[in-house]
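Novice: The sequence shown lines up with residues 1 to 419 when you count with UniProt numbering. No residue lacks a Cβ here, since even glycine has one placed at the ideal position from N, Cα and C. Dumping the structure here so I can ask a few things about it.
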Amino acid sequence: MRLRIMAVTAPGTASPLLVMESNGTRCGEHILSYGRVEKVLIGGVLMMLTLSTICGNMLVVISVCFVKKLRQPSNYLIVSLAVADLSVALAVMPFVSITDLIGGQWVFGQFFCNVFIAMDVMCCTASIMTLCVISIDRYLGITKPLTYPVRQNGCCMAKMIVSVWLLSASITLPPLFGWAQNVNDGRVCLISQDFGYTVYSTAVAFYIPMSVMLIMYYRIFRAAKLSAAKHTITGFPRDGNSAASRSGGSKAGNESGEMASSATEAERRDGDGQDEEEESLDCVSAALKLQREVEEECSSRVSRLLKSGEHHQRRKRKNQSIFKREQKAAATLGIVVGAFAFCWLPFFIVSTARPFVCGVECSCVPLWLERTLLWLGYANSLINPFIYAFFNRDLRTTYSNLLRTSTCRRWTESFKRKA
1 MRLRIMAVTA
11 PGTASPLLVM
21 ESNGTRCGEH
31 ILSYGRVEKV
41 LIGGVLMMLT
51 LSTICGNMLV
61 VISVCFVKKL
71 RQPSNYLIVS
81 LAVADLSVAL
91 AVMPFVSITD
101 LIGGQWVFGQ
111 FFCNVFIAMD
121 VMCCTASIMT
131 LCVISIDRYL
141 GITKPLTYPV
151 RQNGCCMAKM
161 IVSVWLLSAS
171 ITLPPLFGWA
181 QNVNDGRVCL
191 ISQDFGYTVY
201 STAVAFYIPM
211 SVMLIMYYRI
221 FRAAKLSAAK
231 HTITGFPRDG
241 NSAASRSGGS
251 KAGNESGEMA
261 SSATEAERRD
271 GDGQDEEEES
281 LDCVSAALKL
291 QREVEEECSS
301 RVSRLLKSGE
311 HHQRRKRKNQ
321 SIFKREQKAA
331 ATLGIVVGAF
341 AFCWLPFFIV
351 STARPFVCGV
361 ECSCVPLWLE
371 RTLLWLGYAN
381 SLINPFIYAF
391 FNRDLRTTYS
401 NLLRTSTCRR
411 WTESFKRKA
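What follows is the structure, encoded as structure tokens:
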């Protein structure tokens, strides 16, 4: 069904109103009109967002690809996330920026409207789904530290990444092959508002990944909480070993005292007469033998206690390492999920409700609100690389080295030109 678009002026306003008519119904939205100063400010902000997103995600790709220490399967997912976010910045943000600067009108034609929507949906969905897969990967790495890393190889990660991108691409296919037509006629470019397609696309692209991420975060948080409780309990010294040590020492002291007493008694009897000499020698020999046995027993007990203490310390250090890893994973995933929900949840709530409230032919949501929520979602592509760099010391160090090297090179070239 074709839509007829015409520009009119709303009564009492100076801005043109875009009116779309179909079967006797109409809906309209104001084209935003900016002054020169507003355009400069908005253009500067959007350009900074776009360039920052490009630079941040380029740093991730360069760091993992060129630093040997970072080239491990667990970081392949982060590279895939960076590629998806970089694609958003390169293939989507510039066209949205231009459209916003001219008031929200689409000036790139009908064909490119379909291409643009496909790229937008695929790249944003790939970014969201990769975040979901990363949360699953972190959960399995924490809960199955012995078995999961063995299967966490390059081939497995490649299959997961390809699956994410294929599933993301599948959401873009229905409008291209006739199931649900995008709204694009003249100056409007809007994703299909078909009820079935809206439910399908928003569920696959956002609500299901969001639910999985929340479940993974809850389970990691619960594992970290249980580990913290266990760590607190086992952190106190056990009295059993100390008691055993004291008991062993006391017993050894008693036996040694008895042995010494026996030896003294034997010597005294030896001085009484020649007749008791042989009996005294036998008594002294038995006492010395008993002393050696007691010393060997004490030495064996002390050795066992020392080994037990070393084993306890090793186990304590291992538990501390696991505890810190779980705490770090819970904190990282918590911030990732929180930032993701903050950026994308408002947009998808509006996108899901729009066809049921406005109908399938147009959008009745204020244009300024749509664009604000859309850019809030795009901002998630900007903050992802900085979140992972903040919690990953190797990435953080690599960022610093790359930026420092680049800055020094620029200063050197500038100094040479001046000289």
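What residue range does the beta strand (DSSP E) around N184 cover?
Specialist: Taken as a continuous stretch (DSSP letters only), the beta strand (DSSP E) holding N184 covers 183 to 185.
Novice: Would DSSP call residue 434 helix, strand or coil?
Specialist: No information on residue 434 is available, as it lies outside the stretch 1 to 419 that the chain covers here.
Novice: Quick one, which of C364, I128, N384 has its alpha-carbon nearest L188's?
Specialist: Just to set this straight, residue 188 is Val in the shown sequence, not Leu. For the residues C364, I128, N384, the minimum Cα distance to V188 belongs to C364.
Novice: Just how far apart, CA to CA, sit R404 and Q105?
Specialist: In a straight line, the C-alpha of R404 is about 42 Å away from that of Q105.
Novice: Helix or strand or just coil, what does DSSP make of L190?
Specialist: If DSSP states are grouped into helix, strand and coil, L190 belongs with the strands.
Novice: Identify whether N57 lies in helix, strand or coil by the three-state DSSP scheme.
Specialist: Here N57 sits in helix by DSSP.
Novice: Is the separation between the beta-carbon of F340 and that of L131 shorter than 7 Å?
Specialist: Yes, they are a contact pair.
Novice: Give me, in chain order, the residues of the same chain whose beta-carbon lies closer than 6 Å to that of L46; leave out the 5 immediate sequence neighbours on both sides.
Specialist: The answer, listed in chain order, is S97.
Novice: How big is the Cα-Cα spacing for F347 and I102?
Specialist: Going by the C-alpha atoms only, they are around 22 Å apart.
Novice: Closest by CA to G196, which one among R354, L306, A223?
Specialist: Here the closest residue by C-alpha is R354.
Novice: In terms of residues, what are the limits of the alpha helix (DSSP H) holding N153?
Specialist: Neither: N153 is in no alpha helix (DSSP H) and is coded neither H nor E.
Novice: Output the boundary residues of the alpha helix (DSSP H) element that contains T99.
Specialist: Segment 93 to 101, the alpha helix (DSSP H) holding T99.
Novice: CB V183 to CB A126, shorter than 7 Å?
Specialist: Against a cut-off of 7 Å, the Cβ pair of A126 and V183 comes out as no contact.
Novice: Which value, in whole angstroms, describes the spacing of the CA atoms of I335 and I387?
Specialist: Near 8 Å, if we compare the C-alpha coordinates of I387 and I335.
Novice: Drop a sphere of 10 angstroms on the beta-carbon of P209, count the other beta-carbons inside from all chains shown, and report buried for 16 or more, exposed for fewer.
Specialist: It is buried - the Cβ of P209 has at least 16 other Cβ atoms within 10 Å.
Novice: Please classify G196: does DSSP put it in a helix, a strand, or coil?
Specialist: Of the three classes helix, strand and coil, the one that applies to G196 here is helix, per DSSP.
Novice: Is it buried or exposed for I330, if we count other Cβ within 10 angstroms and need 16 for buried?
Specialist: For clarity, residue 330 is Ala in the given sequence; the question names Ile instead. So A330 ends up on the buried side.
Novice: The alpha helix (DSSP H) that contains Q105, what's its start and end?
Specialist: Unbroken run through Q105: none, as it is neither H nor E.
Novice: Report the residue from S168, I128, P175, P73 whose alpha carbon sits nearest the alpha carbon of E148.
Specialist: A small correction: the amino acid at residue 148 is Tyr; Glu does not occupy that position in the sequence shown. Among S168, I128, P175, P73, the Cα nearest to that of Y148 belongs to P73.
Novice: For Q181, which residues from the same chain have a beta carbon less than 7 Å from its beta carbon, with the 5 sequence-adjacent residues on both sides left out?
Specialist: These residues qualify, in order along the chain: P175, S192.
Novice: Determine the burial state of L51: buried for a count of at least 16 other Cβ atoms within 10 Å of its Cβ, exposed for fewer.
Specialist: L51 should be labelled exposed.
Novice: Sort N57, A203, G35, L190 by Cα distance to L77 and report the nearest one.
Specialist: When only C-alpha atoms are compared, the closest one is N57.
Novice: Measure the C-alpha to C-alpha separation of V88 and A229 and round it to an integer number of angstroms.
Specialist: Approximately 43 Å, taken between the alpha carbons.
Novice: Go ahead and label A243 buried or exposed: buried means 16 or more other beta carbons lie within 10 angstroms of its beta carbon, across all protein chains shown.
Specialist: Legend: pLDDT at A243 = 45, less than 50; position of this residue unreliable, value from coordinates given subsequently. Looking at its Cβ environment, which holds fewer than 16 other Cβ atoms inside 10 Å, A243 is exposed.
Novice: Can you tell me whether L288 is buried or exposed? The criterion is at least 16 other CB atoms within 10 Å of its CB, across all chains shown.
Specialist: Classification for L288: exposed.
Novice: Cβ of V79 within 7 Å of Cβ of P385?
Specialist: No, these two residues do not count as a Cβ contact at 7 Å.
Novice: In whole angstroms, give me the CA-to-CA distance for G186 and Q110.
Specialist: Using only the alpha carbons, I get a separation of about 7 Å.
Novice: For A244, which three-state DSSP category applies?
Specialist: Unreliable positioning characterises A244 in this predicted model, as indicated by a pLDDT of 47, which lies under 50. A coordinate reading is not provided.
Novice: Under three-state DSSP, which class holds F147?
Specialist: As written in the sequence, residue 147 is Thr, which differs from the Phe given in the question. Looking at T147 - three-state DSSP - the assignment turns out to be coil, as it is neither helix nor strand.
Novice: Are there any heavy atoms of the ligand ATP lying less than 6 Å away from the beta-carbon of V204, as far as the coordinates show?
Specialist: Questions concerning the ligand ATP fall outside what the structure shown contains, since it holds no ligand whatsoever.
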